[in-house]
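Residue numbers (our numbering): 1 to 155. Written out below as structure tokens is the structure these notes cover.
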């Protein structure tokens, strides 16, 4: 009887795994990076919309109907925006709120956010960051007739 010779491939699977595993791990971290960046993008835009919604709904006057300080109101809106984006690491320094009361039928509020996204994983070869940001504007119709001399249009 003839003996059947078996082809030697004892280490073949190990070599293949060693070649393919780094690429799979890099792809996994890349997918995580893109997903986290997309999460930040959506959260930042949602926070800006939330800030504009609060600005639209709340006329900047105090409980005793006296005008509110413009810096106090901007700080209030920045706090709303920052708290509306949990998990992003957004700070109030990255948020800019302006209200333009000049030459328009209705005042216009603008929220500008600029946040630096740092890559994680194997794509962090250099300390490069990408900027995730947005600028949203809306006319504030609820403020018509509520002139506020202490709340001017400068930023």
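Cβ atoms here follow ideal geometry from the backbone N, Cα and C, with glycine treated the same way.
- prompt: Under three-state DSSP, which class holds residue 95?
  reply: Start at 1 with the first residue of the chain shown, and residue 95 comes out as number 95. In the structure shown, residue 95 sits in a strand (DSSP, three-state: E or B).
* Asked: Between the Cα of residue 118 and the Cα atoms of 36, 56, 27, which residue gives the shortest distance?
  -> Numbered from 1 along the chain shown, position 118 holds the residue referred to as residue 118. It is 36 whose Cα lies nearest to the Cα of residue 118.
* To do: Go to residue 84, then tell me how far its beta strand (DSSP E) extends in each direction, as first and last residue.
  => Taking the chain shown and counting its residues from 1, one reaches residue 84 at position 84. Where residue 84 is concerned, there is no enclosing beta strand (DSSP E), given that its DSSP letter is neither H nor E.
Worksheet entry | Residue range of the unbroken alpha helix (DSSP H) whose run includes residue 15 | In the chain shown, the residue the question calls residue 15 occupies position 15. Taken as a continuous stretch (DSSP letters only), the alpha helix (DSSP H) holding residue 15 covers 12–57.
Put residue 128 into one of helix, strand or coil per three-state DSSP. The residue you call residue 128 lines up with position 128 of the chain shown. Of the three classes helix, strand and coil, the one that applies to residue 128 here is coil, per DSSP.
message = Buried or exposed, going by whether 16 or more other CB atoms sit within 10 Å of the CB of residue 55?
response = Residue numbering aside, residue 55 sits at position 55 when the chain shown is read from its first letter. The residue in question, residue 55, is buried, as its Cβ has 16 or more Cβ neighbours within 10 Å.
Note down, in chain order, each residue of its chain lying with its Cβ closer than 7 Å to the Cβ of residue 116, except the 5 sequence neighbours on either side. On the chain shown, residue 116 is found 116 positions in, with the first residue counted as 1. So the list reads 129, 131, once near-sequence residues are dropped.
DSSP three-state call for residue 136: helix, strand or coil? Start at 1 with the first residue of the chain shown, and residue 136 comes out as number 136. Note: residue 136 maps to strand in three-state DSSP.
**OP:** Could you check what DSSP says for residue 69 in three-state terms: helix, strand or coil?
**Re:** Residue mapping note: residue 69 aligns to position 69 of the chain shown, counting from 1. In this structure, residue 69 counts as coil in the three-state DSSP scheme.
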